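One structure below.
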Amino acid sequence: MITDFNTIIIGAGASGLLAACNLNGVKTLLIEKNTCAGKKMLISGAGQCNFTHSGELDDFLKKYGANSSFLKPALYNFNNNDSIKYFEKLGVESVIRDDGKVFPKSLKANDILSALLQKIKKNKALVKYNCCVAEVKYNSELEFFTIKTGNEKFTSKNLIISTGGKSYPITGSTGDGYSIARSLGHSIVETSPCLTPINVAEYKFSELSGVSFKDIQVSLWRNNKKIKETKGDLLLTHKNLSGPVILNFSKYVKVGDIIKINFIGLTNDRINELIKKVTKQNGKQLVKSIFKDTNLSKRFIDKIFYINNIKDDTICSQLSRKDKQSLINSLFSYEFKVESLGGYHIAMATAGGVSLDEVNRKTMQSKLVKGLYFTGEVLDIDGETGGYNIQAAFSTAMLATKSISNNL
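Heads up: the sequence shown is residues 0 to 407, going by the numbering used here.
Written out as structure tokens, the structure reads:
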């Protein structure tokens with residue numbers, strides 16, 4: 000059957016845009032329900048678009064957790080270095096920060112978006128905005144899709160679903176792709192917000208909003224058993240815990256879990272020895288002065304003393320055994336009980352999605368429906384913060400379009 004298009008792409012986010020860029024010479028329609036493309040890209044990396052991350056591919060894959068093996072073919076086909084080179088060819092130079100995050104040199108997300116849109120225009124792909132998909136049907140006998148959008152109807156040999164997940168719904172990511180996938184027979188792994196701040200019970204650090212800690216140790220405990228431990232940067236906000244180490248932790252956390260944080264970067268015994276040593280040398284020295292050469296700010300130390308009811312003018316010889324242990328616990332292993340996770344409205348990504356068991360990882364094509372492809376966050380894939388999720392969106396899009404082109 001002769002269809003209106005060879006390929007229709009639903010969703011003009013990072014994945015859908017790159018897919019349209021890579022279908023040169025193929026009659027393509029890109030459908031976007033918003034008034035413009037790339038709304039989530041424009042706010043990524045605080046508006047600077049952290050589009051990938053530097054590093055070796057083996058280390059890169061580890062950032063996707065249990066489902067990293069699914070992404071291996073996609074990342075080997077189009078990796079982080081390929082992304083940098085791709086945008087250089089489109090006229091967008093990049094810069095790699097000390098922490099490995101990669102941005103456009105201009106630090107403007109719009110430069111990435113504009114480059115993609117210009118390439119799509121050059122490819123003569125048709126882009127329809129303000130276009131909501133009402134229904135998708137597949138004719139298994141003639142192997143083509145019918146997509147209904149309001150008063151219009153389009154047919155296509157191939158369909159790429161690149162609608163994203165549910166995170167930042169204000170950008171248009173409201174889980175539409177899951178409904179379409181279900182209607183075509185696919186299973187959806189239960190979704191939840193990830194890369195999101197963590198709300199804790201009896202939070203006592205509201206007035207320290209903005210105070211950050213570099214490369215500190217954080218562990219997750221459930222039923223008195225350690226579930227996970229890692230190191231990274233942490234940020235105290237006016238109402239919760241945030242920062243990269245917390246955002247990456249959020250996908251593993253359940254309500255009622257305990258998060259233990261080593262703020263000082265020393266062991267329990269080492270802090271104890273330090274206090275004993277100073278007390279022996281000069282018992283009249285202020286306890287607070289012991290911590291002046293640590294990585295901890297005065298505001299934070301003041302708060303810890305206040306929480307433990309230790310007076311500012313307490314000298315070492317006056318510090319009781321109970322107060323000393325309480326102080327050590329607060330610095331070495333402060334416990335926070337998880338109350339809830341930040342919702343989809345502030346989550347950077349979505350955990351869960353289209354089941355990977357039903358998608359061919361070498362092509363991104365559905366195992367159930369010929370010509371149906373899934374790319375980006377609509378899949379049950381989520382990476383750590385730092386450009387890994389946009390890279391996954393790019394890599395899966397490239398693999399899907401490669402498969403489509405090979406079947407022309």
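Glycine included, C-beta positions come from ideal geometry on N, C-alpha and C. Note that the coordinates shown come from a computational prediction; the quantities given were computed from them, not determined experimentally.
Problem - Inter-stretch contact at 8 Å, needing at least 3 Cβ pairs: the region 333 to 349 / the region 131 to 140 - result: no
Practice task
Label S182 either buried or exposed according to how many other C-beta atoms from any shown protein chain fall within 10 Å of its C-beta, with 16 as the threshold for buried.
Solution key: Numbered from 1 along the sequence shown, position 183 holds the residue referred to as residue 182. Exposed, by the Cβ-count rule.
Problem - Alpha-carbon to alpha-carbon, K156 and N294 - result: On the sequence shown, residue 294 is found 295 positions in, with the first residue counted as 1. On the sequence shown, residue 156 is found 157 positions in, with the first residue counted as 1. Their Cα atoms are separated by approximately 59 Å.
Practice task
Could you give the DSSP three-state label for C35: helix, strand or coil?
Solution key: One-based indexing of the sequence shown puts residue 35 at position 36. DSSP places C35 in coil when its eight states are reduced to three.
Practice task
Decide if G375 is buried, meaning its Cβ has at least 16 other Cβ atoms within 10 Å, or exposed.
Solution key: Locating residue 375 in the sequence shown gives position 376, counting from the first residue. G375 is buried by the Cβ-count criterion.
Problem - Enclosing beta strand (DSSP E) for P103 [first to last residue] - result: For the purposes of this step, residue 103 is identified with residue 104 of the sequence shown, where counting begins at 1. Element bounds for P103: 100 to 103.
Handout entry: Where the beta strand (DSSP E) through K230 begins and ends
Key = What you label residue 230 is simply residue 231 of the sequence shown in a count that begins at 1. 224 to 235 is the extent of the beta strand (DSSP E) around K230.
Practice task
State the DSSP-derived secondary structure class of S332, mapped to helix, strand or coil.
Solution key: The sequence position of residue 332 within the sequence shown is 333, counting from 1. S332: coil per DSSP, three-state reduction.
Exercise for the section: Could you say which of I403, L398, T384 lies nearest to G44 if we only look at CA atoms? Expected result: Looking up residue 44 in the sequence shown gives position 45. When only C-alpha atoms are compared, the closest one is T384.
Problem - Touching by the beta-carbon criterion (3+ pairs, under 8 Å), the region 107 to 121 and the region 4 to 18 - result: yes
Practice task
With a 10 Å radius around its C-beta and 16 neighbouring C-beta atoms as the bar for buried, classify G460 as buried or exposed.
Solution key: Limits of the chain in this structure are 0 at one end and 407 at the other, which puts residue 460 out of reach.
Exercise for the section: Identify which residue in Q216, L194, K123 has its Cα closest to the Cα of G24. Expected result: Within the sequence shown, residue 24 is the residue found at index 25, counting from 1. Nearest option by C-alpha distance: K123.
Exercise for the section: Decide yes or no for the touch test of the region 184 to 191 against the region 29 to 49: beta carbon pairs closer than 8 Å, at least 3 of them. Expected result: no
Handout entry: Three-state secondary structure (DSSP) of I179
Key = Taking the sequence shown and counting its residues from 1, the one referred to as residue 179 is at position 180. Looking at I179 - three-state DSSP - the assignment turns out to be helix.
Handout entry: Cβ neighbours of H237 in the same chain (closer than 6 Å, five flanking residues each side left out)
Key = Numbered from its first residue, the sequence shown carries residue 237 at position 238. Hits under 6 Å: S205, S208.
Problem - C193 - DSSP class collapsed to helix/strand/coil - result: Along the sequence shown, one-based indexing puts residue 193 at 194. DSSP places C193 in strand when its eight states are reduced to three.
Practice task
Grab me the residues of F290's own chain with a C-beta within less than 6 Å of its C-beta, minus the 5 sequence neighbours each way, in chain order.
Solution key: For the purposes of this step, residue 290 is identified with residue 291 of the sequence shown, where counting begins at 1. So the qualifying residues of the chain are I300.
Exercise for the section: Please go through the same chain and pick out, in chain order, the residues whose beta-carbon is closer than 7 Å to the beta-carbon of L89, but skip the five residues on each side of it. Expected result: The residue you call residue 89 lines up with position 90 of the sequence shown. Here the set comprises A114, K118.
Problem - Which listed residue (V286, S354, N198, F373) has its alpha carbon closest to that of G342 - result: Position 343 of the sequence shown, counting from 1, holds the residue named residue 342. That would be N198, whose Cα lies nearest to the Cα of G342.
Practice task
Can you give me the start and stop residues for the alpha helix (DSSP H) that Y75 sits inside?
Solution key: For the purposes of this step, residue 75 is taken as the residue at position 76 of the sequence shown. From DSSP, the alpha helix (DSSP H) with Y75 extends over 67 to 76.
Handout entry: DSSP bridge partner residues for T27 (one or two, in chain order)
Key = For this step, residue 27 is matched to residue 28 along the sequence shown. T6.
Exercise for the section: Taking only the alpha-carbon atoms, compute the straight-line gap between A346 and S172 and give it to the nearest angstrom. Expected result: Numbered from its first residue, the sequence shown carries residue 346 at position 347. Numbered from its first residue, the sequence shown carries residue 172 at position 173. Taking the straight line joining both Cα atoms gives about 11 Å.
Practice task
Provide the residue span of the alpha helix (DSSP H) that contains T395, from first to last.
Solution key: Taking the first residue of the sequence shown as 1, we reach residue 395 at position 396. Element bounds for T395: 387 to 405.
Practice task
Would you tell me roughly how many angstroms separate the C-alpha atoms of N239 and V254, rounded to the nearest one?
Solution key: Residue 239 sits at position 240 when you count from the first residue of the sequence shown. Residue 254 sits at position 255 when you count from the first residue of the sequence shown. So the two alpha carbons sit approximately 14 Å from each other.
Problem - At least three beta-carbon pairs within less than 8 Å, the region 221 to 229 to the region 385 to 399 - result: no
Practice task
Could you tell me which residues DSSP puts in a beta bridge with K147?
Solution key: Start at 1 with the first residue of the sequence shown, and residue 147 comes out as number 148. K147 is bridged to E134, K152.
Handout entry: Neighbourhood of S325 by C-beta, 6 Å cutoff - its chain only, sequence neighbours within 5 removed
Key = Here residue 325 refers to the residue found at position 326 of the sequence shown. Answer for S325: N307, listed in chain order.
Exercise for the section: Apply the 10 Å Cβ neighbour rule to L407 and answer buried if 16 or more other Cβ atoms are within range, or exposed otherwise. Expected result: To locate residue 407, count along the sequence shown from 1; it is residue 408. Exposed, since its Cβ has fewer than 16 Cβ neighbours within 10 Å.
Exercise for the section: Check whether the Cβ atoms of Q364 and S332 lie closer than 8 Å to each other. Expected result: The sequence position of residue 364 within the sequence shown is 365, counting from 1. The sequence position of residue 332 within the sequence shown is 333, counting from 1. Against a cut-off of 8 Å, the Cβ pair of S332 and Q364 comes out as no contact.
Practice task
Check whether the region 78 to 95 touches the region 47 to 63, counting contact only when three or more Cβ pairs, one atom from each stretch, lie closer than 8 Å.
Solution key: yes
Problem - Identity of the residues DSSP links to R320 by a beta bridge - result: As a first step, residue 320 must be located in the sequence shown, where it is residue number 321. In DSSP, R320 forms no bridge with anything.
Exercise for the section: Determine, using beta carbons only, whether K227 and T349 come nearer to each other than 8 Å. Expected result: On the sequence shown, residue 227 is found 228 positions in, with the first residue counted as 1. On the sequence shown, residue 349 is found 350 positions in, with the first residue counted as 1. Taking 8 Å as the Cβ cut-off, K227 and T349 do not qualify as a contacting pair.
Exercise for the section: Check whether the Cβ atoms of K230 and I215 lie closer than 8 Å to each other. Expected result: To locate residue 230, count along the sequence shown from 1; it is residue 231. To locate residue 215, count along the sequence shown from 1; it is residue 216. A contact, by the Cβ cut-off of 8 Å.
Practice task
Determine the burial state of I270: buried for a count of at least 16 other Cβ atoms within 10 Å of its Cβ, exposed for fewer.
Solution key: The residue you call residue 270 lines up with position 271 of the sequence shown. I270 should be labelled buried.
Problem - Own chain residues within Cβ distance below 7 Å of K104, not counting five before or after - result: Mapped onto the sequence shown, residue 104 falls at position 105. Counting only Cβ-Cβ distances below 7 Å, and skipping sequence neighbours, we find E92, S93, V94.
Practice task
Determine which residues share a DSSP beta bridge with G352 and list them.
Solution key: Indexing the sequence shown from 1 puts residue 352 at position 353. V188, per the DSSP bridge assignment.
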